[in-house]
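Sequences listed follow chains A and B, in order.
Counting from 1 along the first sequence, just add 968 to a position and that's the residue number in our numbering.
Counting from 1 along the second sequence, just add 105 to a position and that's the residue number in our numbering.
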Amino acid sequence: MYLSPEQERTLSGERGEAKELAMTILAKVGEALGADSLVPIKSAHVLAHYSSLHEAGIEVLEKFSSSGGRFAVPTTVDPASVDLENWKSFGIPEEYAEKQFRLCAAFAKLGGIPCWSCAQYQVCNFPKAGETVAWAESNSVVFANSLIGCRTNKITSGLDIACAITGLTPRFGMLLDENRRARVAFRSTIDRPTDLDYRSLGYYIGRHSGSRVPGLDGLPRNVSSDELKHLGAAAAAAGPVTMIHYVGITPGSESLKSASGGERVETFDVGRKELGEVEADLNQSEEKPDLVALGVPHLSATELGQLAKLLDGKKVKRGTRMYAYTSSQAFDFVKRSGVMLEIERSGARLTHSTDAEISPLKKLGFDVVMTNSAKLAEIVSSEGEVKIRYKQIAEIVEEVTS
Amino acid sequence: MTKVLYFKGRVLLEGRAKGEALVSRRAFTFAHGVEPSTGVVTDVRSDLLGESVREKVLFFPFGKGSTTGAAWFLETVRVGNGPAAVLTQTAETMVVTGAVLGEMLYGRRIPVMTDFPSTMADVVRTGDLVTVETKDRQVTVSRGE
């Protein structure tokens, strides 16, 4: 991999210890991944939640922050493992929260933007088409490549901080035209998809694309960016997907032919039967849920408004909790607009700056979690500690409220 | 009689290692999929569920899931439960990053190689003895029969 003279100086320690460490990571990982050079980025999005980073991740972040590191580009951050404002009222143990706060302190010292959201592209980090960014968080990566039209690889933790500190990212993978073309295609035959259908469809695509970039045709014209957020998140949770060419939506993908660069690609129909297979796979139980978790990825203010309507006049039954996970920004907005009051009148609670899949569900005493998030279902069942019920929102509300 | 097989791949991180093969045919993730404190695979969708990755030569076709993979890998290495080597069909950023950090922070070198044929999983079986030598881009698999 080519390094410019300035990058060489950084690597040899002339720009300080933190930059040297960051450049060493970029050089080694870039070389290993076959990158030809390092290119500038407009923004970074990094990971700093304790449940995934563990002790080792705290050591990495603190190593950067204690050696004079500062982010070179605007840098946002994925959710924390606890609600950073109301963690005590959610029963989070003090010693667990303390670990998260060490990560928060290191992130702040590095000069990060404390947005703590996995839908940062909806609230605090807005690239434009054609820009190169270095984002962690697989759902954001799919959103960036597929809907915004900017370019990012799925930047893993550790590499994310190195990109943010240097303002550079290795040029490989999804930064290159030839790797962005659709190499497999799916055609949805679902008429008027429900919330769950969008997620199951994404999951199916993630499962069956392998390492090929998928194209997707057959979505309704009025599909919303929130629905595509959840579809992309499900795809990225189920497989190595970093981009989906939504035919007629993704910039430059007016047709499947333009998405694939003119090449004919294998195409699969996805209908009721295929989505049924996904549901059967993700739904592990019929037991009464202790927790209904909505919002992996974070719900937008629009989605919270929709939830308020669904919960209007209803009460969450005793023995079940319902949490809606959102960004701090959407939280503040619905607090002011009155939507929060409408939701919480039902007994459901809003929680912000954290998300279900990275919070200690088992430690908090939850054994059966009901959700319409395929991403949450995939991750939680991967860990094998908590059972998942995977249902559409209308069925969830029907069952757990009166 | 011992049968010996050779495979060539592309070297992502140099080193040498020897260990029992642990072979998955499915997308693999360390994130929420391997418990660092034990090294045991917890992902119910993995065909390696219940197996330990500790000191094994781990083979899987490609990665999946959360971008926190490198952190989970690094924590597994930190507590001494990391694999001896990782071999894949498609280059996997998370393992590479985790392994680079593992060497920088904890001085443990884990060779990573990729571009192996998908048919490798048909031939190499869990439990085979595998030697990884990145200097000649080679993986040697021996099986007692």
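Every residue, glycine too, gets a C-beta built ideally from N, C-alpha and C.
For B:Met218, the residue or residues it bridges with in DSSP: To locate residue 218 of chain B, count along the second sequence from 1; it is residue 113. Beta-bridge partners of B:Met218 (DSSP): B:Val116, B:Leu192.
Quick one: measure Cβ to Cβ for B:Pro216 and B:Glu180, integer angstroms, because I've assumed they're closer than 8 Å. For the purposes of this step, residue 216 of chain B is taken as the residue at position 111 of the second sequence. For the purposes of this step, residue 180 of chain B is taken as the residue at position 75 of the second sequence. Actually they do not touch by this definition, with Cβ atoms about 20 Å apart.
Which residues in the same chain have their Cβ closer than 6 Å to the Cβ of A:Glu1242, if we skip the five residues on either side of it in sequence? As a working mapping, residue 1242 of chain A is identified with position 274 in the first sequence. Apart from sequence neighbours up to five positions away, the residues of its chain that approach A:Glu1242 with a beta-carbon distance below 6 Å are Tyr1172, ordered along the chain.
Might you give, ordered along the chain, the residues of its own chain that have their beta carbon closer than 6 Å to the beta carbon of A:Ser1035, omitting 5 neighbours on each side? Position 67 of the first sequence, counted from the first residue, corresponds to residue 1035 of chain A. Once the five neighbours on either side are set aside, the close Cβ partners of A:Ser1035 are Glu985, Ala986.
Could you give the DSSP three-state label for B:Tyr111: helix, strand or coil? As a first step, residue 111 of chain B is located in the second sequence; it is residue number 6 there, counting from the start. B:Tyr111: strand per DSSP, three-state reduction.
Sequence-distant residues of the same chain with beta carbon closer than 7 Å to A:Val1284, five excluded per side: The count along the first sequence starts at 1 and reaches residue 1284 of chain A at position 316. When the five nearest sequence neighbours on each side are left out, the beta carbons in the same chain lying within less than 7 Å of the beta carbon of A:Val1284 are those of Met1290, Ser1314, Gly1315, Ala1316, Val1368, Thr1369, in order along the chain.
DSSP three-state call for A:Lys1122: helix, strand or coil? The count along the first sequence starts at 1 and reaches residue 1122 of chain A at position 154. In the three-state DSSP reduction, A:Lys1122 falls in the strand class (E or B).
Would you list the residues sitting across from B:Gln243 in a DSSP beta bridge? If you number the second sequence from 1, residue 243 of chain B lands on position 138. Paired residue(s): B:Lys113, B:Glu238.
Let me know the secondary structure DSSP gives A:Thr1162 once reduced to three states. Your numbering for residue 1162 of chain A matches position 194 in the first sequence. In the displayed model, A:Thr1162 falls within coil according to three-state DSSP, outside both helix and strand.
Taking the runs of the alpha helix (DSSP H) that are 4 residues or longer, which of them lie wholly in the region 1265 to 1314 of chain A? If only complete runs of 4 or more residues are kept, the region 1265 to 1314 of chain A shows the alpha helix (DSSP H) at 1269 to 1279, 1296 to 1305, 1307 to 1312, in order along the chain.
Which residues does DSSP pair with A:Thr1044 in a beta bridge? Within the first sequence, residue 1044 of chain A is the residue found at index 76, counting from 1. Note: A:Thr1044 sits in a beta bridge opposite A:His1013.
Just confirm the distance between the C-beta atoms of A:Ala1132 and A:Cys1118, as a whole number of angstroms; I'd bet it's less than 8 Å. To locate residue 1132 of chain A, count along the first sequence from 1; it is residue 164. To locate residue 1118 of chain A, count along the first sequence from 1; it is residue 150. The Cβ separation is near 16 Å, so there is no contact.
Pull up the DSSP beta-bridge partners for A:Phe1154, would you. Along the first sequence, read from residue 1 onward, the residue named residue 1154 of chain A stands at position 186. Partner(s): A:Leu1184, A:Phe1236.
Can you tell which of A:Thr1270, A:Gln1274, A:Leu1006 has its C-alpha closest to the C-alpha of A:Leu1136? Residue 1136 of chain A sits at position 168 when you count from the first residue of the first sequence. Checked all of A:Thr1270, A:Gln1274, A:Leu1006; the closest Cα to A:Leu1136 is A:Leu1006.
Using a Cβ cut-off of 8 Å (strictly closer), state whether A:Glu1366 contacts chain B. Position 398 of the first sequence, counted from the start, is the residue given in the question as residue 1366 of chain A. For A:Glu1366, no CB of chain B lies under 8 Å from its own CB, so it is not counted at the interface with that chain.
With a threshold of 8 Å between beta-carbons, can B:Ser171 be considered close to chain A, or not? Numbered from 1 along the second sequence, position 66 holds the residue referred to as residue 171 of chain B. At least one beta carbon of chain A lies nearer than 8 Å to the beta carbon of B:Ser171.
Within this structure, are the beta carbons of A:Pro1047 and A:His1013 separated by less than 8 Å? For the purposes of this step, residue 1047 of chain A is taken as residue 79 along the first sequence, with counting starting at 1. For the purposes of this step, residue 1013 of chain A is taken as residue 45 along the first sequence, with counting starting at 1. Against a cut-off of 8 Å, the Cβ pair of A:His1013 and A:Pro1047 comes out as no contact.
Kindly indicate if chain B contains any beta-carbon less than 8 Å away from that of A:Ile1133. One-based indexing of the first sequence puts residue 1133 of chain A at position 165. Judged by the 8 Å Cβ criterion, A:Ile1133 is not in contact with chain B.
Going along chain B, which residues have a C-beta under 9 Å from A:Thr992? The residue you call residue 992 of chain A lines up with position 24 of the first sequence. One finds Val205, Met209 in chain B with Cβ atoms closer than 9 Å to the Cβ of A:Thr992, taken in chain order.
Reducing DSSP to helix, strand and coil, say where A:Ile1116 ends up. Here residue 1116 of chain A refers to the residue found at position 148 when the first sequence is read from its first residue. Three-state DSSP puts A:Ile1116 in a helix.
Would you call the region 1332 to 1352 of chain A and the region 1246 to 1256 of chain A in contact, with 3 or more CB pairs under 8 Å? The region 1332 to 1352 of chain A and the region 1246 to 1256 of chain A touch, with no fewer than 3 CB-CB distances between them shorter than 8 Å.
Whole angstroms are fine: how far does the CA of A:Ile1129 sit from the CA of B:Gly207? Against the second sequence, residue 207 of chain B aligns to sequence position 102. Against the first sequence, residue 1129 of chain A aligns to sequence position 161. Approximately 15 Å between the Cα atoms of the pair.
Check whether B:Arg230 and B:Val128 have beta carbons under 8 Å apart: The residue you call residue 230 of chain B lines up with position 125 of the second sequence. The residue you call residue 128 of chain B lines up with position 23 of the second sequence. Yes, the Cβ-Cβ distance between B:Arg230 and B:Val128 is below 8 Å.
Range of the contiguous beta strand (DSSP E) that encloses A:Val1336: Position 368 of the first sequence, counted from the first residue, corresponds to residue 1336 of chain A. 1336 to 1339 is the span of the beta strand (DSSP E), which, as asked, contains A:Val1336.
Using a cut-off of 9 Å between C-beta atoms, extract the partners of A:Pro1208 located in chain B. What you label residue 1208 of chain A is simply residue 240 of the first sequence in a count that begins at 1. Correct list: Ala132, Phe167, Gly168, Lys169, Gly170, Thr195, Glu197.
What does A:Val997 reach in chain B if we use C-beta pairs closer than 8 Å? Here residue 997 of chain A refers to the residue found at position 29 when the first sequence is read from its first residue. Under the 8 Å cutoff, chain B gives Thr198, Val201, Thr202, Val205.
Sub-8 Å separation of A:Pro1182 and A:Val1209 beta-carbons: Position 214 of the first sequence, counted from the start, is the residue given in the question as residue 1182 of chain A. Position 241 of the first sequence, counted from the start, is the residue given in the question as residue 1209 of chain A. The answer is yes: Cβ separation under 8 Å.
Which same chain residues end up closer than 8 Å to A:Thr1124 when comparing Cβ atoms and leaving out the 5 residues on each side of it in sequence? One-based indexing of the first sequence puts residue 1124 of chain A at position 156. Counting only Cβ-Cβ distances below 8 Å, and skipping sequence neighbours, we find Ala1104.
According to DSSP, is B:Leu179 helix, strand or coil? To locate residue 179 of chain B, count along the second sequence from 1; it is residue 74. In the structure shown, B:Leu179 sits in a helix (DSSP, three-state: H, G or I).
I'd like to check one pair, A:Pro1138 with A:Lys1010: are the Cβ atoms closer than 8 Å? Residue mapping note: residue 1010 of chain A aligns to position 42 of the first sequence, counting from 1. Residue mapping note: residue 1138 of chain A aligns to position 170 of the first sequence, counting from 1. Against a cut-off of 8 Å, the Cβ pair of A:Pro1138 and A:Lys1010 comes out as no contact.
With DSSP collapsed to three states, give me the class of A:Ala1102. Taking the first sequence and counting its residues from 1, the one referred to as residue 1102 of chain A is at position 134. DSSP places A:Ala1102 in strand when its eight states are reduced to three.
Helix, strand or coil for A:Ala1342, going by three-state DSSP, please let me know. On the first sequence, position 374 is the one that residue 1342 of chain A refers to. It is helical.
Residues in the region 1009 to 1033 of chain A with C-beta within 7 Å of chain B's C-beta atoms, listed in sequence order? Cβ contacts with chain B: Leu1015, Ser1020, Leu1021, His1022, Glu1023, Ala1024, Gly1025, Glu1027, Val1028.
State whether the region 1164 to 1179 of chain A contacts the region 1079 to 1096 of chain A, with contact taken as three or more CB pairs (one from each stretch) at a distance under 8 Å. With fewer than three CB-CB distances shorter than 8 Å, the region 1164 to 1179 of chain A does not count as touching the region 1079 to 1096 of chain A.
Helix, strand or coil: how does DSSP classify A:Ile1356 here? Translated into positions along the first sequence, residue 1356 of chain A becomes position 388. Correct three-state label for A:Ile1356: strand.
What is the rounded straight-line gap between the Cα of A:Gly998 and the Cα of A:Ile1326? Your numbering for residue 998 of chain A matches position 30 in the first sequence. Your numbering for residue 1326 of chain A matches position 358 in the first sequence. Near 28 Å, if we compare the C-alpha coordinates of A:Ile1326 and A:Gly998.
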